[in-house]
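Residue numbers (this note's numbering): 198 to 530. Working notes, beginning with the structure itself.
As structure tokens, then:
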């Protein structure tokens, strides 16, 4: 829902169940042809037992294109832009069988997006998919259809967090930073006391009678990397009273009856959609105006800071320890 795939894009791979070959592809290409020496006339696109497939670049000829292809493997998150969150390609497979009794789904699927972190399930055979012909008056049915799911876990990438959070409340003179030992190969980070490549700063800016105001700043401390189509997901019990968001787009994510405490923030196209590398322009920020429900939530009796924060769905961002002191849950330690 809120994780996107950045450049250099996705890679999808699998292991053929038998001695299949890929005769041709549109919308994507195998990264290696493999050993096709036993074919003398018609040479397959790929003879690899374990092919790896990548998206095509924009601007390829029309006879190589397929619907939702050719974006260099870059995909937006579904919550941000569903039309840009789909990638598709078509391949012609040989030596695979000629009926749903003789065709066997591939195994050992993997997805890089663009690096490691995804774990893919085994392919499951489902009812054959049905599609309309271009005139919309006739449908055709696939001989066989299977599906699988790939889930992401930051722990497969690194045990160290890739971002951290600082919290600031005017009622407390301290500003709390969560230090992290994030390490990224080949990165060049700005020297800071928190040692984070990216920091999310949550600042309780003002407390009005009927509203309270929060400023969120995302700062990039990496001199060698910028981020496009970034997303920020936060959980806070007062998001159901969110009255105004400036400079960012806000989309609620999870509803359980009257509970609406999780939302995604992302950029406005051509306005704040690029988080620049470290420097004067290496940040994006927004302000939230949140209404108070005196029967359910106030800053004095509620919670000023978010419960969880995810930045670009890379991982759950490290939060400082927040604890109750003297009956006031807004105090920080």
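Even glycine gets a Cβ: it sits at the ideal position worked out from N, Cα and C. Fair warning: this is a prediction, and the values are worked out from it, not measured in the lab.
Paired residues, beta bridge with residue i - DSSP
i	result
residue 291	218
residue 323	342
residue 488	408
residue 336	329
residue 249	210
residue 480	416
residue 243	219
residue 272	202
Span separating the alpha-carbon of residue i from that of residue j
i	j	result
residue 371	residue 311	Any reading at residue 371 must be qualified, since the residue scores a pLDDT of 44, below 50, and its modelled position is unreliable; the value itself is stated next. Roughly 39 Å separates the two Cα atoms.
residue 422	residue 270	18 Å
residue 360	residue 464	18 Å
residue 404	residue 341	60 Å
residue 330	residue 338	11 Å
residue 486	residue 466	22 Å
residue 378	residue 502	The predicted model places residue 378 with a pLDDT of 42, which falls under 50 and marks its position as unreliable; any figure quoted below should be read in that light. So the alpha carbons of these two residues sit roughly 23 Å apart.
residue 241	residue 212	17 Å
residue 206	residue 347	16 Å
residue 265	residue 409	43 Å
residue 281	residue 469	18 Å
residue 277	residue 444	15 Å
residue 407	residue 455	20 Å
residue 333	residue 327	12 Å
residue 305	residue 297	20 Å
residue 239	residue 261	18 Å
residue 452	residue 433	13 Å
residue 272	residue 483	24 Å
residue 471	residue 344	34 Å
residue 473	residue 279	24 Å
residue 442	residue 256	37 Å
residue 285	residue 397	34 Å
residue 252	residue 393	32 Å
residue 235	residue 509	46 Å
residue 402	residue 458	20 Å
residue 292	residue 431	49 Å
Reference residue i; option with closest CA among the options
i	options	result
residue 294	220, 215, 485	215
residue 429	249, 274, 239	274
residue 491	411, 290, 213, 435	435
residue 413	393, 437, 438, 363	363
residue 259	223, 508, 457	223
residue 246	235, 261, 219, 283	219
residue 395	286, 239, 506	506
residue 336	431, 345, 344, 325	325
residue 415	479, 228, 446	479
residue 460	470, 447, 321, 471	447
residue 400	366, 509, 276	366
residue 248	288, 201, 262	288
residue 221	262, 253, 471, 290	290
residue 303	198, 320, 474, 252	320
residue 477	504, 450, 420	420
residue 388	462, 283, 475	475
Extent of the continuous beta strand (DSSP E) run through residue i
i	result
residue 408	408-417
residue 400	395-404
residue 452	445-453
residue 347	347-349
residue 460	456-464
residue 507	505-508
residue 308	304-309
residue 199	Note, residue 199: premise wrong, no beta strand (DSSP E); not H, not E.
residue 440	439-442
residue 317	315-317
residue 226	225-227
residue 432	428-432
Proximity test, residue i beta-carbon vs the ligand GTP heavy atom, cut-off 7 Å
i	result
residue 470	The ligand GTP is absent from the structure shown, which contains no ligand whatsoever.
Whole-angstrom C-beta distance between residue j and residue i, which should lie under 8 Å
i	j	result
residue 244	residue 230	7 Å
residue 439	residue 418	In fact, because the Cβ distance is near 28 Å, the residues do not count as touching under 8 Å.
residue 425	residue 203	7 Å
residue 316	residue 353	7 Å
residue 349	residue 210	Contact flag wrong, Cβ pair sits at about 16 Å.
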